[in-house]
């Protein structure tokens, strides 16, 4: 049996290196992409601020994730945090407080899609997809209007967006081009192709060509703010 | 309805089979080396395989978990430790001192206890609200454990850090490492509401002071570095870290001035060849026998270092190099380095600052412990008697290491139960 021990001396280091390589390459390469989990949309300017993490600090201090340079906002004003299927806004000792839908909160308050959150005197609309899970539900990709919550299910593989009534999604705004953009499902991905000279804003960045869309991306077609949900639960 | 976007998952099945083959060959070598006593190990190794496979399959089936890299690294390291400890049993069988696999049986029991601790801690910290409520009771518990250690502790190799009851000896300072990180880490709303770290500093000074009273200097260093990591991650203040380090250096000099026996513990450092048969015996044997193992080792049970005091605890890295070879010795160190790099890279994307702080502190703690052990036995640092995580023989250390892995695991979004749509997206 000595030959077994003799050969295994060489096999074991090789196996150890293969195991280590497999585990390390997976640890470093197969991490899920950091994606936008929610948005704060400024009620006055319409500017949208994406939230990339489950905990986001808000305040006047430069060390906060979202910096609000207003005198009425404290240096460390608030934290917006996702806890399981809920979103919670915490008042972290601010002087001017936080109002959720007009009511001042004490310590913390649950918030949901479309709620108006005021930090000092800066108002934001909170926009987040629904996390509720239902095993019997069917999911479909959809566009959800941030302003009125209207849902446009993407039931075909191609969907056009524009001011002209011939488009699948018709947006009656003067700032929207007649044929503004096309969404196409190809190779397991949704891709947006821009046709407008003004471009399409994806997560506040202007796009003039085409881009792959990800769940939760915020699209802006000439001021019409629409959230792309890759897995929208059909009722 | 469209087919959903796929992300290629971790090939956990192939990795599990490869690790099982590695362990099977290791355990077979131990059994072949044991000769007439080989049958005594069968149950030990069978239970180990059963636990490893059961954990992986249950997590995959019931929690839809797709990432097992960290657990596989922990199982890989634990199996190396179990193999080496089993060869120690063989020596005792041959000398007639034992008739059952006492040490490997206990090692297996502690691996299972550690895995249970890992699962329980993962469940506890999965809820950020629960974590916030538990921080104060956990701080009180750690204080009580250290106080009990000071009052009831027994001296062992110069440090009074053992408590014995009912035939079992435990090192509370090992378990307090987990509690220390639990208390230090906090969710972002807590960090932003109470920005002062004074309370945590007082708590840390209490813990590290208790370790000094117990003369457990190795653990004191590990706690101090963990404290620095947590303080930096909580405050982001480099100046505070520099001031703390200066204060610690001054404190250490004062202790050495007023308590010369402390310096006496390290008198042998860098003078091991002055007395290779006395004070320098352990390190000189590690250096000689590690080199004699070569790249591929002498084979399990064939080494000479096993005859040296504390071979399977403090000096186990030397045993790995001698019996498994330098390549596997190197692979063991790379495992810990990879865990640290992964933690630092992945902490930003974790779901809570609690997870980010706890994971960085836990991986930093493991790395410091590895550095103190490996550099200690090779005389690059003073020998402090710190264990090699997951591998050294010892229950408290093994359970602590598995529980620390729960903190590191918490930064991985794939480790949490998925919603239906997330499951569809990941494939």
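Chains as they are written, first to last, in the numbering used here: chain X, 1 to 235; chain U, 1 to 427.
Positions of the beta carbon are idealized from the N, C-alpha and C atoms, including for glycine.
{"Query": "Measure the C-alpha to C-alpha separation of residue 115 of chain X and residue 127 of chain X and round it to an integer number of angstroms.", "Result": "8 Å"}
{"Query": "Taking C-beta pairs closer than 9 Å, name the residues in chain X that residue 335 of chain U reaches, listed in chain order.", "Result": "20, 23 and 24"}
{"Query": "Would DSSP call residue 346 of chain U helix, strand or coil?", "Result": "helix"}
{"Query": "Taking C-beta to C-beta, are residue 383 of chain U and residue 376 of chain U nearer than 8 Å?", "Result": "yes"}
{"Query": "From residue 111 of chain U to residue 216 of chain U, what does the alpha carbon distance come to, in whole angstroms?", "Result": "24 Å"}
{"Query": "Using a Cβ-Cβ cut-off of less than 7 Å, list which residues of the segment 255 to 289 of chain U approach chain X; keep chain order.", "Result": "none"}
{"Query": "Measure the alpha-carbon distance for residue 65 of chain X versus residue 57 of chain X and round it to whole angstroms.", "Result": "5 Å"}
{"Query": "Just to confirm, are residue 19 of chain X and residue 22 of chain U a CB contact at a threshold of 8 Å?", "Result": "yes"}
{"Query": "Measuring CB atoms only, is the segment 245 to 261 of chain U touching the segment 387 to 396 of chain U, in the sense that at least three cross pairs come out at less than 8 Å?", "Result": "no"}
{"Query": "Determine the contact status of residue 161 of chain U and residue 171 of chain U, defining contact as a CB-CB distance below 8 Å.", "Result": "yes"}
{"Query": "For residue 103 of chain U, which three-state DSSP category applies?", "Result": "helix"}
{"Query": "Which value, in whole angstroms, describes the spacing of the CA atoms of residue 405 of chain U and residue 77 of chain X?", "Result": "34 Å"}
{"Query": "Mapping the DSSP letters down to three states, classify residue 6 of chain U as helix, strand or coil.", "Result": "The pLDDT assigned to residue 6 of chain U is 46, lower than 50, so where the model puts this residue is not dependable, and the model offers no usable value."}
{"Query": "Counting only C-beta atoms, is residue 171 of chain U closer than 8 Å to chain X at any point?", "Result": "no"}
{"Query": "Using a Cβ-Cβ cut-off of less than 9 Å, give me the residues of the segment 188 to 204 of chain X that come near chain U, in sequence order.", "Result": "188, 189 and 190"}
{"Query": "Select from U:134, U:409, U:59 and U:413 the residue whose C-alpha is nearest the C-alpha of residue 70 of chain U.", "Result": "U:409"}
{"Query": "Output the distance between the C-alpha atoms of residue 333 of chain U and residue 295 of chain U, rounded to the nearest integer angstrom.", "Result": "15 Å"}
{"Query": "With a threshold of 8 Å between beta-carbons, can residue 128 of chain U be considered close to chain X, or not?", "Result": "yes"}
{"Query": "Does chain X have any CB closer than 8 Å to the CB of residue 18 of chain U?", "Result": "yes"}
{"Query": "Can you pull the chain U residues whose beta carbon is under 9 Å from the beta carbon of residue 170 of chain X, in chain order?", "Result": "Simply none; closest approach about 22 Å."}
{"Query": "How many Å lie between residue 227 of chain U and residue 354 of chain U at the Cα?", "Result": "15 Å"}
{"Query": "For residue 26 of chain U, which residues in the same chain have their Cβ closer than 6 Å to its Cβ, ignoring the five residues on either side in sequence?", "Result": "83"}
{"Query": "Going by Cα to Cα distance, which pick from U:46, U:73 and U:401 is closest to residue 23 of chain X?", "Result": "U:73"}
{"Query": "Any C-beta of chain U sitting closer than 8 Å to the C-beta of residue 11 of chain X?", "Result": "yes"}
{"Query": "Give the DSSP-derived three-state secondary structure of residue 104 of chain X in the structure shown.", "Result": "strand"}
{"Query": "When you compare each of X:158, X:200, X:197 and X:207 to residue 186 of chain X by their alpha carbons, which one comes out closest?", "Result": "X:158"}
{"Query": "Any C-beta of chain X sitting closer than 8 Å to the C-beta of residue 351 of chain U?", "Result": "yes"}
{"Query": "Around the Cβ of residue 178 of chain X, are there at least 16 other Cβ atoms within 10 angstroms (buried) or fewer (exposed)?", "Result": "exposed"}
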